[in-house]
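Asker: Please see the structure below; I have some questions.
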Amino acid sequence: DSILAAQFTGCKAIESGEFSTVFKAKHRLDGKTYAVKKLKLDRMEKQLSEGAFFTEQDKRVEAEVKTLTKLNTEFVLKYYNSWTQEQHLYVFTEYCKQTLAEVLNEKHEAFGRQPTEPMESIEYFISCEIFRELLECLQYIHGLYPPVIHRNIKPNNIYISYDNKNSRFIKLGDFGLATDYEHRANTQSDPNGKYMAPEVRDGSHYSIKADVYSVGCVAADLFDINTV
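In UniProt numbering, the protein residues as written are 1 to 228.
Right, here's the structure in full:
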């Protein structure tokens with residue numbers, strides 16, 4: 001992690017998964033806080049003359065970075081840089097300290113009501129604004145050519161930005177399972193299945209409509225709609 005240590009101070013792990021760890025860190029030059037995602041690569045040490053071997057995991061990691069470099073917009077987490085070191089890839093992005101999952105976990109207490117009680121007008125208005133901005137994010141990635149299918153839309157991957165220069169605060173993140181529309185790979189992305197479209201769950205052919213289904217499930221959480 002010598003490159004990481006050379007560029008950042010106060011690195012603190014804030015999220016850890018099977019193949020990656022996310023650090024919160026302060027850049028030595030500008031003093032701002034960023035997120036640095038460290039992803040494990042499965043490249044074999046032996047390389048052929050025509051290039052390195054890549055596993056499916058490595059291809060997913062590569063796809064994430066390629067997707068991020070194309071999405072330079074206020075609708076997704078901003079990508080700054082990336083580098084490889086000692087069988088790991090480091091991706092340097094915008095840092096958001098809160099996700100929609102945390103907001104949903106706290107909103108009933110914040111508005112002083114039980115989950116079974118109806119929303120008051122202020123909470124309903126805020127929920128509508130969050131949903132509107134989420135739809136704008138979806139409209140952007142699906143409007144690209146070729147369209148990008150996120151395939152992993154859920155509250156944990158929807159970020160709250162407090163640097164609202166564009167008068168918006170919802171951003172999409174974690175494009176590790178995203179894929180270009182013309183290069184689909186039916187990788188199941190929601191282990192619990194709550195936000196996963198049926199066609200993805202069944203391993204069938206799917207399209208951008210799979211993301212629309214996932215966003216609908218997020219809406220059910222936002223508006224306390226009971227689903228089967």
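No residue lacks a Cβ here, since even glycine has one placed at the ideal position from N, Cα and C.
Does DSSP put residue 6 in a helix, a strand or coil?
Answerer: Of the three classes helix, strand and coil, the one that applies to residue 6 here is helix, per DSSP.
Asker: Considering only C-alpha positions, which residue in the set 21, 29 and 12 is nearest to residue 6?
Answerer: Comparing Cα-Cα distances from residue 6 to each of 21, 29 and 12, the minimum goes to 29.
Asker: Can you look up residue 167 in the DSSP assignment and give me helix, strand or coil?
Answerer: Coil.
Asker: Does the beta-carbon of residue 122 have 16 or more other beta-carbons within 10 angstroms, so that it is buried, or is it exposed?
Answerer: So residue 122 counts as exposed.
Asker: My guess is that residue 155 and residue 101 are in contact by the Cβ rule of under 8 Å, so how many angstroms apart are they, rounded?
Answerer: At roughly 4 Å, the Cβ-Cβ gap stays under 8 Å, so residue 155 and residue 101 are in contact.
Asker: Quick check on the burial criterion: 16 or more other C-beta atoms within 10 angstroms. Buried or exposed for residue 256?
Answerer: Outside the modelled stretch of the chain, which goes from 1 to 228, sits residue 256, for which no answer is possible.
Asker: Using 10 angstroms around the beta-carbon of residue 117, count the other beta-carbons present and answer buried if the total reaches 16, otherwise exposed.
Answerer: Per the 10 Å Cβ criterion, exposed.
Asker: If I measure Cβ to Cβ from residue 69 and keep anything under 8 Å in the same chain, skipping five residues before and after, which residues do I get?
Answerer: Excluding positions up to five away in sequence, the list reads 79.
Asker: Output the distance between the C-alpha atoms of residue 3 and residue 20, rounded to the nearest integer angstrom.
Answerer: Residue 3 and residue 20: Cα-Cα distance of roughly 17 Å.
Asker: By alpha-carbon positions, which one of 32, 132 and 38 ends up nearest to residue 10?
Answerer: Residue 10 has its Cα closest to that of 32, out of 32, 132 and 38.
Asker: Exposed or buried, residue 128, counting other C-beta atoms within 10 Å across all chains shown (16 or more means buried)?
Answerer: It is exposed - the Cβ of residue 128 has fewer than 16 other Cβ atoms within 10 Å.
Asker: Keeping to the same chain, check which residues put their C-beta closer than 6 Å to that of residue 61; ignore five residues upstream and five downstream.
Answerer: The residues are 39 and 89.
Asker: Around the C-beta of residue 211, are 16 or more other C-beta atoms found within 10 angstroms, so that it is buried, or is it exposed?
Answerer: When all chains shown are included, residue 211 counts as buried.
Asker: Based on Cα-Cα distance, which residue from 87, 41 and 82 lies nearest to residue 59?
Answerer: Of the candidates 87, 41 and 82, the one whose C-alpha sits nearest the C-alpha of residue 59 is 41.
Asker: Mapping the DSSP letters down to three states, classify residue 141 as helix, strand or coil.
Answerer: In this structure, residue 141 counts as helix in the three-state DSSP scheme.
Asker: When the Cα atoms are used, what is the spatial distance from residue 97 to residue 218?
Answerer: When rounded, the distance between both Cα atoms is 20 Å.
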